Amino acid sequence: MHAGSGPSDREPDSSARPPLVRELLLVVGLFVIYKLGRQAANGHVEEAYRNADRVWDLERALRLPGEGLVQGLLLHGETLVRVANTYYAVVHFPATLLFLAWLYWRRPRHYVWSRRILAALTGAALALHLLFPLAPPRLLASTGLVDTARVYGPSVYGAEPASDSLANQFAAMPSLHFGWALMVAIGLIAATRGRWRLLWLLHPLVTLLVIVGTANHYWLDSIVVAALLAVACAVLPLRSVRPAGAARRTGPATGGAPTPTAAARAAGAAAPAAHAVAAAHAVPAVHAPPVGRTVPTPGVVSSYAPSAARR
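Each residue of the sequence shown is one higher than the one before, starting from 158 at the first, in the working numbering.
Right, here's the structure in full:
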C-alpha cells in the first residue's frame, strides 16, 4: 500500500481519526454480528438447493459463461488448485483488516468512509442470506463442478454442510468475498495518488476467479454484491475536506458568502478621513534641476547681475 500511496509525505488528518478503542470494539462487534447472522441463516437446506437450481438456470438463460470454464483452468495443475483454495481460505479477512488498519493510520477520513460502506454492505448481504438461502455450485450435482477444497485442500468448511456449526454453507448469495475485495480496491484507489493505483483492482479480479473456479460461488453472486456496493457508495459518498479556516471566513447568514467583520467595516469608514488629513499635511515635492543647469537663489543672482551685464 505504501508504494502506490502517491504523496507519502502528506500528513494524515488526525482530527478525522476516531478513537482507537472505540473502533476496535466496533469492528469486533460487527464481526460477531456477521458470524451470528450467517449462523441464523443456516438450516434452510431444501430451500437453498431449490434456489441453487433457479440461479443456475437463470445464468444459462442470461447466456453467462459457465463456471466450469474457470475451474477447468485451475484443474490443469494440482498446485494451482491448492493455491486458489488457500487464497480463498486465508486472504479474505486478513486483507480487509490490513486495509482498514492502514487507512486508520494514514487516511483517517477514508477509513471512516470505508468502514461505513463495509458495514452497510455486510448488513445488506446478511439480510439476503436470511431471505434467499443458496447452496454453492460445488454442492449442486447438476453443475458437474468439483469441490476443489474437499478434494485437494485446504478447506474451511465441514464435511456435512447441513450440520456445519462453524460456517453457513448456504449463504452463497451475495459473495462477501468478492464484495469486500472490491471495496478494498475502491478504497485504496480513492485514498492513494500513485500512477499504478488501478492495479489494486487485481485483488477483486483474482478473488472473482478464485471463488468461481473453486465452485464456491456463482457469477450472479458477484454481480449482486457489486450492485449492492454501488448503492452503498451512492448513499454514503466520501465527504470532501473543507480548507482550514473556511468556517471562519464564511458566515451562516449569507449562505457561505464572506461576511465583513466589525473591524473591517470601521477601517473602511475611516479610510476617506485618513486620506483627507494626509492630503492637507502633504509637503510639496522638490524636483531636482536638470543636469548642467544651476537654479539661482535670490541673493546670489542680485550680486552677480552687474558682472553679467559688463560682459
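Beta carbons are placed, not taken as given, at the ideal position from N, Cα and C, and that holds for glycine. These numbers were taken from a predicted model, which means no experiment stands behind them.
State the Cα-Cα distance for the pair residue i and residue j, rounded to the nearest angstrom.
i      : j      : result
Leu177 : Arg307 : 40 Å
Leu226 : Ala372 : 11 Å
Leu221 : Trp259 : 37 Å
Val363 : Gln228 : 13 Å
Val269 : Ala384 : 21 Å
Tyr247 : Leu215 : Per the sequence shown, residue 247 should be read as Val rather than Tyr. Each residue's Cα considered, the two are about 31 Å apart.
Leu297 : Tyr206 : 7 Å
Gly549 : Asp304 : Within the shown structure, residues of the chain are numbered from 158 to 468, placing residue 549 beyond reach of any answer.
Leu365 : Tyr244 : 11 Å
Leu395 : Leu232 : 42 Å
Asn325 : Arg273 : 24 Å
His334 : His249 : 6 Å
Val184 : Pro251 : 13 Å
Asn208 : His286 : 12 Å
Ala281 : Leu193 : 14 Å
Arg350 : Leu288 : 40 Å
Decide if residue i is buried, meaning its Cβ has at least 16 other Cβ atoms within 10 Å, or exposed.
i      : result
Thr236 : exposed
Leu386 : buried
Pro415 : Here Pro415 scores only 48 on pLDDT, less than 50, and its place in the model should not be relied on; the value that follows carries that caveat. Flag for Pro415 reads exposed.
Ala404 : Note that Ala404 has pLDDT 48, beneath the 50 cutoff, so the model's placement of it is unreliable and the number below is only indicative. It is exposed - the Cβ of Ala404 has fewer than 16 other Cβ atoms within 10 Å.
Glu224 : buried
Val240 : exposed
Leu255 : exposed
Ala316 : exposed
Assign residue i to one of three DSSP states: helix, strand, or coil.
i      : result
Ala173 : helix
His233 : coil
Trp353 : coil
Pro492 : In the structure as shown, the chain starts at 158 and stops at 468, and residue 492 therefore has no counterpart that could be examined.
Arg263 : helix
Val178 : helix
Leu386 : helix
Leu345 : helix
Asn242 : helix
Glu224 : helix
Taking 7 Å as the threshold (C-beta atoms), are residue j and residue i in contact?
i      : j      : result
Trp357 : Ala342 : yes
Ala173 : Arg266 : yes
Leu278 : Gly336 : yes
Met340 : Asp378 : no
Ile368 : Ser332 : yes
Tyr309 : Val238 : yes
Gly344 : Ser397 : no
Arg360 : Ala389 : Inspection of the sequence shows that residue 360 is occupied by His rather than by Arg. Contact: no.
Phe327 : Ala292 : yes
Tyr375 : Pro294 : yes
Glu204 : Pro290 : yes
In the DSSP assignment, what residue or residues form a beta bridge with residue i?
i      : result
Leu291 : Ala328
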